[in-house]
Amino acid sequence: MPKNFIEELQWRGMIHDMMPGTEEALMKESSAGYIGFDPTADSLHIGNLVQIMILVHFQRAGHKPFALVGGATGMVGDPSGKSAERNLLDVETLNHNVACVKKQLERFLDFNSGENSAEMVNNFDWFKEMSFLDFIRDVGKHISVNYMMAKDSVKSRLETGMSFTEFSYQLVQG
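In this note's numbering, the protein residues as written are 850 to 1023.
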């Protein structure tokens, strides 16, 4: 029977690879970890289940899980795997979707368990007050266009066209 978080995930076949020293660090002290969720729909899907279960086991092992909801990235629209640009969602729709996602996550994660209570954070909150000029200066300065152009999500759309909004998605994503 598994004795710690990493052993639990290995026993369940949920780990493919990890950085050296991860298991030791997690056994030494309580840590925080996050997994991102896309709020472009008002419901999670089966593809989220493995991520959710990893957070569940992380919390059960005494660590603090963060559910990172991509409100800002959801407003921009992820171009990955798409042949055409996504429809842009408004703030009201995204807020509704975020509330629905949190309600679903509350069925799995404990948001009221003391020090290792789960927390939901929304990257929209980090960007909503930032001006375009601040963003370009503070974020854009550190990422090369060559790096951005090399991404598969960009390369696959160059022939059919890609808006600046879609191209900029990776800057908001982080």
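A virtual CB, placed ideally from N, CA and C, is assigned to each residue, including glycine.
Please read all numbers here as calculations on a predicted model, not as lab measurements.
For the set T942, K913, L904 and V899, the Cα lying nearest the Cα of A921 is the one of T942.
Annotation: the continuous beta strand (DSSP E) that includes F886 extends over A881 to F886. When DSSP states are grouped into helix, strand and coil, F854 belongs to the helix group. Within the same chain, and ignoring the five residues on either side of F960 in sequence, the residues whose Cβ sits closer than 6 Å to its Cβ are S966 and A967. Under the Cβ criterion (8 Å, minimum of three pairs), the segment 858-870 counts as touching the segment 902-919. Apart from sequence neighbours up to five positions away, the residues of its chain that approach M876 with a beta-carbon distance below 6 Å are N853, ordered along the chain. With fewer than 16 other beta carbons inside 10 angstroms of its own, P869 counts as exposed. Contact check for N972 and L917: beta-carbon distance about 7 Å, within the 8 Å limit, so the pair qualifies. If you draw a 10 Å sphere on the C-beta of F907, you find 16 or more other C-beta atoms in it, and that means buried. Contact holds between the segment 937-956 and the segment 883-902, because three or more Cβ pairs, one in each stretch, are under 8 Å apart.
The distance from the Cβ of P914 to that of L982 is about 35 Å, inconsistent with a contact at the 8 Å cut-off.
Note that the C-beta distance between H912 and S962 is not below 8 Å. Closest in C-alpha terms to S1002, from the list I992, K990, E1015 and D939, comes E1015.
The continuous beta strand (DSSP E) containing M969 extends over residues E968 to N971. Residues of the same chain with their beta carbon placed closer than 8 Å to that of I985 are lacking, with the five preceding and five following residues left out of the count. Leaving aside the five residues that flank W975 on each side, the residues in its chain whose CB is nearer than 8 Å to its CB run, in chain order, A921.
Approximately 6 Å separates the beta-carbon atoms of G926 and L937; this is inside 8 Å, confirming the contact.
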